[in-house]
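The structure appears right after this line, and notes come after that.
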Amino acid sequence: MGRDRVPALHGGRHNHCMSSPVYREKTLQINTLLAERYSSHPAVLGWHISNEYGGECHCDLCQNRFRDWLKARYQTLENLNQAWWSTFWSHTYTDWSQIESPAPQGEMSIHGLNLDWHRFNTAQVTDFCRHEIAPLKAANASLPVTTNFMEYFYDYDYWQLAEALDFISWDSYPMWHRDKDETALACYTAMYHDMMRSLKGGKPFVLMESTPGATNWQRPAN
Numbered sequence: 001m002g003r004d005r006v007p008a009l010h011g012g013r014h015n016h017c018m019s020s021p022v023y024r025e026k027t028l029q030i031n032t033l034l035a036e037r038y039s040s041h042p043a044v045l046g047w048h049i050s051n052e053y054g055g056e057c058h059c060d061l062c063q064n065r066f067r068d069w070l071k072a073r074y075q076t077l078e079n080l081n082q083a084w085w086s087t088f089w090s091h092t093y094t095d096w097s098q099i100e101s102p103a104p105q106g107e108m109s110i111h112g113l114n115l116d117w118h119r120f121n122t123a124q125v126t127d128f129c130r131h132e133i134a135p136l137k138a139a140n141a142s143l144p145v146t147t148n149f150m151e152y153f154y155d156y157d158y159w160q161l162a163e164a165l166d167f168i169s170w171d172s173y174p175m176w177h178r179d180k181d182e183t184a185l186a187c188y189t190a191m192y193h194d195m196m197r198s199l200k201g202g203k204p205f206v207l208m209e210s211t212p213g214a215t216n217w218q219r220p221a222n
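For what it's worth, full-length UniProt numbering labels the leading residue of the sequence shown as 1, then goes sequentially.
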């Protein structure tokens, strides 16, 4: 469900709900079957979890998990109101049920709410990633796991998500021969390589995706 509280139709990417017990159950079943079949195969060197984690859900299940996360973080509404400075514009909360995730037709002006919603989504995706990893490690704990990170993606705290992984991988698609200065683009890309290396304290990382030419979503270069 999107920020506008409209349920997503089938199709697209990352329109799932990580709070859904049904989705979690089916994910567990699929990963368990994959692990049972392939975890001892000599050609399998590790596991690639999901693909470019992204998205957020605003359904009732996620609203309740968000409130539970806030309760664990702040303990009391008084602490939350003080941290969010919610008295400004009379936004003081008097019951946990009043708290909703940011919405275009609702509350989007409280910086603390917006920041904590991003923090919650990081905790949510990290927990779901661990949920996906569990049956794989149960079958063969020696196989390392990773998921591919993205450039200029700020929805999650990658340093926190990295804690669930054995090594880092990412997707790099520099748009050469375009509007950017080539040297500046090379430096920018190198900076991202350095950042990905830092997520595991300087350990080697993997370039999971790249291409020497243009992709289907890049504007053709002459």
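Using N, Cα and C, we set each Cβ at its ideal position, and we do this for glycine too.
Note that the structure is predicted; figures quoted are calculated from it, not measured.
- Residue state for His48 is assigned as strand, using DSSP reduced to three classes.
- The alpha helix (DSSP H) runs of length 4 or more contained entirely in the stretch 102-159 are, from start to end of the chain, 111-139.
- With respect to the 8 Å criterion, Asp155 and His118 are classified as neighbours on the basis of their beta carbons.
- Residue burial is scored here from C-beta neighbours: Thr87 has fewer than 16 other C-beta atoms within 10 angstroms and is therefore classed as exposed.
- The count of Cβ pairs closer than 8 Å, one atom from the stretch 187-204 and one from the stretch 149-169, reaches three, so the stretches are in contact.
- At least 8 Å separates the beta-carbon of Met191 from that of Asp171.
- Cβ neighbours of Ser40 within its own chain (closer than 7 Å, five residues either side excluded): Asn140.
- Bridge partners of Glu209 according to DSSP: Asp171.
- In this chain, Ala8 is not harboured by any alpha helix (DSSP H), its DSSP state being neither H nor E.
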